[in-house]
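Okay, so here's the structure we're looking at.
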Amino acid sequence: MKVSTAKYKIMVSANTPRKILDEISSFSPIGLTTDLGKYLGVPLLHSRVNKETYREMCDKVQAKLSGWKRDQLSLAGKAMLIQASSSAVPIYTMMTTKIPNSVCAHIDKIQRSFLWGDSEVKKKVHLVNWRQVCLPKTMGGLGLKDMNQVNLSLLAKLGWRLIRENYSLWAKVLQGKYFHDKQFLTTDVKPYNSFTWKSIMKGCEVLKQGIKWRLGNGEDIEFWNDIWLDNFILRELAINLVPVEHLQWKVSEYIFDGKWKLNILRGLLPDHILASLEAIDLQVCCSWKDKVIWKLSSDGKFSTSSARSLIRGTPPSVDLSIFKKIWRIQTLPRIKFFVWLAYLNKLLTNDLRWKRKMVDLPSCSLCSSLVEDVLHAVRDCSHVSQIWQKMVPSFMQSSFFSANLNDWFILNLNYGVLFRDTIPWPTVFFLLGLEILEVEE
Ligand SMILES: [Zn+2]
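Under full-length UniProt numbering, the first residue of the sequence shown is numbered 1, with each subsequent residue one higher.
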């Protein structure tokens, strides 16, 4: 292979002695440098990182969005643009670098302002909080991404590759430098470690929470510290103090001749754990190597989306099936977004405007009702209730008009009857949503 020396540089530390620099120059035609410059607006190597380091990147995110006439875009259109353009900008950097939380928050803010239509002089009402907006659609959000979660999940992915691709050159280089006598997962971060390594170790913290070992010959798994038997860390279940010299023992060190060394383990672990150990077919296991698996996916492989859900924490214990139904209906995206907002009780009604001190009265401007809340706007206001009365099958009318907001959506989205024997009721319900949406707008 012919190497174009002009396109390459050898990176040297600023502290490298002159003698070594001369030595390298004597055998290599490639020039030396202490600074690799920028890639996609971000310095490739940085000793000290702050908001300024990423200013150009934030400007790019902003520029991607400011080209659009947001006043002419629906909420659906804006969410799509955020996903398709701006949120892709920081991804490359985030794969290997922990961007400061303040920078992640700044990018979130740019996207949030675009979504709800803020201008430099006027902030608009953010109808749904960003935390919820960043949940997957099936969990009640819009599927936009919290940048800090994206960043950590990408770094966790790099850690995952470091374990799985430990035969590759890049992994061997990192191993040689940072954890040559240890496993990656049990490595500690040192204050003098490089910024990149510290970033990878932040991803490692996420990784540790989502992985477990599948037992093979037991030569790589630490018996007491790793998760390999169900979801236990055996050290936490010990009934007596585990001798210090045992703490780093591998699983294989407790196996002899295809059997557990029960004489040692019996005094350290409770009977039900010993029974679980005995249930393992050691003869079969010994024929393959230990393997790290990702416990949040059915195939044991890492995914950034499951890592993000791990970072988000336990989902709220509410019925989420309704959201699946909302997004699955075949209709215009902006109707779905309208229904999503209405179901969350977040339409910008006069009642909400009044609560936010934007108007003097919560009353409806189309009829004489004293309060225009969501249910009034979408069902009870005289002009919409007339439409519903004509369309809703007669035997459904009483429950239709008496249900509260939550039950009303559940009723309409689950209703299995065909309207005029042809169209499923949920589709009709959504189409009428469009009529209402147009009146509202
Ligand atoms: Zn009204």
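The C-beta atom is built at its ideal place from N, Cα and C for all residues, glycine as well.
List the residues that DSSP assigns as beta-bridge partners of residue i.
| i | result |
| --- | --- |
| GLU278 | DSSP lists no partner for GLU278. |
| LEU75 | Bridge partners of LEU75: none, in fact. |
| PRO424 | LEU418 |
| LYS190 | DSSP, once it has assigned bridges, lists no residue as partnering LYS190. |
| TRP213 | VAL292 |
So is the beta-carbon of residue i under 7 Å away from any non-hydrogen atom of ligand 1?
| i | result |
| --- | --- |
| LEU366 | yes |
| GLU438 | no |
| GLU120 | no |
| HIS376 | yes |
| GLU372 | yes |
| SER399 | no |
| SER297 | no |
| CYS204 | no |
| SER153 | no |
| CYS104 | no |
| CYS134 | no |
| CYS58 | no |
| SER309 | no |
| SER369 | yes |
| SER199 | no |
Exposed or buried, what is residue i when buried is set at 16 or more other beta-carbons lying within 10 Å of its beta-carbon?
| i | result |
| --- | --- |
| ILE326 | buried |
| MET147 | buried |
| ALA377 | buried |
| PHE395 | exposed |
| GLY203 | buried |
| ALA63 | exposed |
| ARG308 | buried |
| PRO17 | exposed |
| SER87 | buried |
| ALA6 | exposed |
Measure the alpha-carbon distance for residue i versus residue j and round it to whole angstroms.
| i | j | result |
| --- | --- | --- |
| MET391 | SER368 | 24 Å |
| LYS295 | LEU207 | 10 Å |
| SER363 | TRP408 | 22 Å |
| TRP68 | ASP59 | 15 Å |
| ILE410 | SER102 | 40 Å |
| GLU56 | ILE107 | 12 Å |
| LYS157 | GLY300 | 13 Å |
| LYS324 | GLY140 | 9 Å |
| LYS19 | ASP118 | 58 Å |
| SER113 | SER306 | 27 Å |
So residue i packs on residue j, CB below 8 Å; how close in whole Å?
| i | j | result |
| --- | --- | --- |
| GLY433 | ILE335 | 5 Å |
| CYS134 | LEU127 | That pair is no contact at about 14 Å. |
| SER221 | ASP290 | The sequence given here has Ile at residue 221, not Ser. The pair is a contact, with the Cβ atoms about 5 Å apart (cut-off 8 Å). |
| PHE223 | TYR178 | So it is not a contact: roughly 24 Å between Cβ atoms. |
| THR422 | ILE329 | Going by Cβ atoms, the distance from THR422 to ILE329 rounds to 16 Å, so no, they are not a contact pair. |
Is the Cβ of residue i closer than 8 Å to any Cβ of chain C?
| i | result |
| --- | --- |
| LEU434 | No chain C is present in this structure, which holds just one protein chain. |
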